[in-house]
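FYI, the UniProt record's numbering numbers position 38 of the sequence shown as 38, with every residue one higher than the one before it.
What follows is a short report on a single structure.
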Amino acid sequence: MRTWTRAVPAVAGALVLTVAVTGCNSHSSSKKSKKKSHAGSHSSHSRSSKEKTTFRLGQASPVQKSDMTNSKDARYTVTPTKVQTGTKADMDNSGLKKDEEDGPQIPVYVWSTLEHKGGKTMELGDMDDDLIVKTDKNKRTRALIVILGQAKWPNCPAVESNKKMNAGDSEKICSAFLIPEGQKAAAVELSQGFSKAPLEWAVTK
């Protein structure tokens, strides 16, 4: 079962929407959900079971296809390269007001290289939209979405989500995630929808 936790905390200087995905089998973005016949789903599962799903940081994902209307079937890869856990001080200096419901949280920074491989023009934000951080307690969370203003993180500038990318273009970005204080980032995942297992890059110490 997919469980979505959505919180809109009060903000000093910025309004932030956080989306956390919890549960061992939670690995899908709602925008990529599609109804499939039983036969089609079985065939897709058979194919995906043979595909490589685990990688080391610095290894590129298999080529992905966009499901967005404006960039339908455009192809791209995602390469997580570095993961770093932030500090309580980073959180205190971010400009965000603490959300009492979520309890104490700390940031996790994920650096990635996004590369447009072919097809229609894409927006940069379309390529990293399905990145997820999984903690050592099996909690999954998506990157922060800043709706109004900006959260400030050391050495992790905000992503220009609407930047246009054409075939052959690549961009290095940093995405910030929030996890419960006391937990550690165990892996970066890339959701591939309902019919395929997520790709995973283990965070090694």
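Think of the CB as a built atom: it goes at the ideal place given N, C-alpha and C, for glycine as much as any other residue.
Quick caveat: nothing in here was measured; it's all calculated off a predicted structure.
Check	Outcome
Give a yes or no on whether the C-beta atoms belonging to M68 and T121 are separated by under 8 Å.	no
To the nearest angstrom, how far is it from the Cα of T135 to the Cα of L199?	15 Å
From the DSSP output, in three-state form, read off S175 for me.	strand
Hey, how far is the Cα of G168 from the Cα of E115?	7 Å
From which residue to which residue does the alpha helix (DSSP H) around L96 run?	Element bounds for L96: n/a, residue is neither H nor E.
Under the three-state reduction of DSSP, which class applies to S71: helix, strand or coil?	helix
According to the Cβ coordinates, are S112 and V63 closer than 8 Å?	no
If you draw a straight line from the C-alpha of T22 to the C-alpha of K65, how long is it?	Low confidence applies here, because T22 scores a pLDDT of 37, under 50, leaving its location unreliable; read the following figure in that light. Straight-line Cα distance between these residues: approximately 25 Å.
When the Cα atoms are used, what is the spatial distance from Q183 to F177?	13 Å
To the nearest angstrom, report how far apart A185 and N70 are at their CA atoms.	33 Å
What residues in its chain sit with their C-beta under 8 Å from that of G118, if we drop five residues either side in the sequence?	A74, R75 and A167
Name the residue from E123, Q105 and S61 whose alpha carbon lies nearest to the alpha carbon of P180.	Q105
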